[in-house]
Amino acid sequence: MNEPHKYRATDKMSDLICDNYSLLMVMSRFGLSLGFGDKSVKDVCEAQGVDYRTFLAVANFISEEQYTYSGDENVFSISALMDYLKRAHTYFLDFKLPVIRRKLIESIDCSGTDNIAYLILKFFDEYAKEVRRHMEYENEAVFTYVEKLLEGKLAENYDIATFASKHNQIESKLTELKNIIIKYYPEKENNNKLNAVLFDIFNCEHDLASHCQVEDYMFVPAVAQLERRLKNEQ
């Protein structure tokens with residue numbers, strides 16, 4: 001990922017955010033805070049101990065929605081990208097999904113007499129459990145494996161291709177939940193709260209899809225490249 005990409009190290013960080021506000025989430029997941037004035041992307045990242053190459057790689061990937069791994073290990077840091085993915089997992093599990101659940105309870109009739117409301121909440125809870133299993137596996141198994149790789153230690157019975165072959169798109173069930181709400185939940189009057197939580201579900205679906213694409217098209221190829229290099233060195 002070199003100079004042809006949309007965002008560069010010399011661009012003002014504030015210009016990136018104003019151009020694409022979804023990059024606020026990228027900033028947060030790199031641990032970057034606001035209040036950076038007119039500083040460049042590189043200066044903001046370096047001042048806060050973040051690898052600017054990795055930030056730009058993710059920002060450009062999300063903004064351009066396309067990425068081909070070059071095989072150049074200097075394009076971004078696997079360690080920095082892994083920290084980003086871990087923070088994203090914390091965001092989804094400890095903040096975004098609980099907020100959506102709370103808003104669902106506030107916007108639908110959970111008194112026990114509404115079967116559709118019960119189905120919606122049950123469906124969401126099962127989905128949240130599935131997302132937790134998915135992300136905790138990555139935190140505990142995949143990232144631990146990659147940390148060992150970064151120390152130069154290859155595993156005998158595991159590789160990143162094993163993870164990639166089983167990596168499912170966890171946002172798909174949110175599509176089903178949206179459809180249940182849109183098609184079957186009986187609104188007796190205009191429900192601003194339900195519309196707001198539906199909007200949150202749309203955003204979460206897109207955010208999860210983007211997260212999985214970063215894993216599939218950036219993280220996995222970079223780790224596979226590291227595996228090949230370590231094997232060649234043995």
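According to UniProt numbering, the residues represented by the sequence shown are 1 to 234, in order.
Quick reminder that beta carbons are idealized off the backbone N, C-alpha and C, glycines included.
The structure presented is a predicted model; accordingly, all values stated were derived computationally and were not measured.
Just reading off the alpha helix (DSSP H) that V75 is part of, what are its end residues? No alpha helix (DSSP H) holds V75; DSSP gives it neither H nor E.
- Query: Taking all protein chains shown into account, do 16 or more other C-beta atoms lie within 10 angstroms of the C-beta of D19, making it buried, or fewer, making it exposed?
  - Reply: Sixteen is the threshold: since fewer than 16 other Cβ atoms of the shown chains lie within 10 Å of the Cβ of D19, the residue is exposed.
Locate the alpha helix (DSSP H) running through E45, then write down its first and last residues. According to the sequence as given, residue 45 is Cys; it is not Glu. Here the alpha helix (DSSP H) through C45 covers 41-47.
**Request:** Out of Y217, L150, F124, state which residue places its alpha-carbon closest to the alpha-carbon of T175.
**Result:** The shortest Cα separation from T175 among Y217, L150, F124 belongs to F124.
To the nearest angstrom, how far is it from the Cα of L81 to the Cα of I105?
Their backbone Cα atoms lie some 35 Å apart in a straight line.
Residues sharing a beta bridge with K12, DSSP
In the DSSP assignment, K12 is bridged to S40.
Item checked: Cα-Cα separation, E151 to E138 -> If you draw a straight line from the Cα of E151 to the Cα of E138, it comes to about 18 Å.
Return the Cβ separation of C212 and I170 in integer angstroms, given the expectation that the two are a contact with Cβ distance under 8 Å.
C212 to I170, Cβ: 7 Å. Contact.
Practice prompt. Express the C-alpha separation of L226 and E233 in angstroms, rounding to a whole number.
Written response: If I take the Cα positions, the gap works out to 11 Å.
Compare the Cα-Cα distances from A196 to each of E187, K103, V131 and report the closest residue. Among E187, K103, V131, the Cα nearest to that of A196 belongs to K103.
Backbone CA spacing between G49 and M13 [nearest angstrom]:
Distance between the alpha carbons of G49 and M13 is about 15 Å.
**Request:** Determine contact between the region 57-66 and the region 128-135, defined as no fewer than three beta-carbon pairs at a distance below 8 Å.
**Result:** Because the criterion of three Cβ pairs below 8 Å is not met, the region 57-66 and the region 128-135 do not touch.
* Is any beta-carbon of chain D found at less than 9 Å from that of A117? -> No chain D is part of this structure, which consists of one protein chain only.
- Query: Given L149, which residues of its chain have a CB within under 6 Å of its CB, disregarding the five upstream and five downstream residues?
  - Reply: So the qualifying residues of the chain are L226.
Item to check | Local conformation of N157 per DSSP, three classes | outcome: Looking at N157 - three-state DSSP - the assignment turns out to be coil, as it is neither helix nor strand.
Check your understanding: From Y127, H167, M27, pick the residue whose C-alpha is nearest to that of A88; which is it?
Key -> Taking only the C-alpha atoms, the option nearest A88 is M27.
Nearest to F163 by CA position, among D94, L121, F219, is which residue? Closest option to F163, Cα to Cα, is F219.
Start and end residues, alpha helix (DSSP H) containing Q225: Residues 220-233.
Straight-line CA distance for H5 to C45? C-alpha separation (whole angstroms): 18 Å.
Local Cβ density within 10 Å of K166, reported as buried at 16 or more and exposed below that = Exposed, by the Cβ-count rule.
message: Only counting the same chain, and skipping five residues up and downstream in sequence, which positions put a Cβ closer than 7 Å to that of Y145?
response: Around Y145: A155, Y158.
key: Own chain residues within Cβ distance below 6 Å of V223, not counting five before or after   = Leaving aside the five residues that flank V223 on each side, the residues in its chain whose CB is nearer than 6 Å to its CB run, in chain order, V146, I160.
Check your understanding: Taking the C-alpha atoms as reference points, what is the distance between L16 and F143?
Key -> Cα to Cα, L16 sits roughly 29 Å from F143.
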